[in-house]
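Heads up: the sequence shown begins at 1 in the UniProt record's numbering, then just goes up one per residue.
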Amino acid sequence: MTTMIGTNAYRPARRARATVEVFGVRWPAHKAHAVLAGVVAALATLVIFGSPQASAWVSAVVVLAVWWGERYLAGNAAVAPRSNPPGIS
Numbered sequence: 001m002t003t004m005i006g007t008n009a010y011r012p013a014r015r016a017r018a019t020v021e022v023f024g025v026r027w028p029a030h031k032a033h034a035v036l037a038g039v040v041a042a043l044a045t046l047v048i049f050g051s052p053q054a055s056a057w058v059s060a061v062v063v064l065a066v067w068w069g070e071r072y073l074a075g076n077a078a079v080a081p082r083s084n085p086p087g088i089s
């Protein structure tokens, strides 16, 4: 196979993601935070509105927002390699 751009096997080491130990199993911190936020949101919605359906919807939205939000914070963003010329990222 022919490539127009030379490949570079060098990849910088990724930094280790924060982990939390749950019952002896290491979980990524963003997942643990999302589950905890979802449980809190579900209980709060259930107490305030008394509707299991509303509680399920709110907890789902909160879990997704926290999970994706923490996973894609600016500190975790991909960075273009130094081998790229200026203007190409």
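Every residue, glycine too, gets a C-beta built ideally from N, C-alpha and C.
Following the continuous alpha helix (DSSP H) through residue i, name the residue where it begins and the one where it ends.
i	result
residue 71	52–71
With distances taken Cα to Cα, identify the nearest neighbour of residue i among the options.
i	options	result
residue 56	18, 47, 50 and 42	42
residue 63	50, 40 and 73	40
Just how far apart, CA to CA, sit residue i and residue j?
i	j	result
residue 47	residue 17	35 Å
residue 28	residue 34	10 Å
residue 49	residue 59	13 Å
residue 20	residue 51	32 Å
residue 22	residue 54	28 Å
residue 26	residue 72	20 Å
residue 68	residue 45	21 Å
Give me, in chain order, the residues of the same chain whose beta-carbon lies closer than 6 Å to that of residue i; leave out the 5 immediate sequence neighbours on both sides.
i	result
residue 37	62 and 66
Tell me residue i's beta-bridge partners as DSSP assigns them.
i	result
residue 35	In DSSP, residue 35 forms no bridge with anything.
residue 20	27
In chain order, what residues of the same chain have a beta carbon less than 8 Å from the beta carbon of residue i, not counting five sequence neighbours either side?
i	result
residue 70	29, 30, 33 and 34
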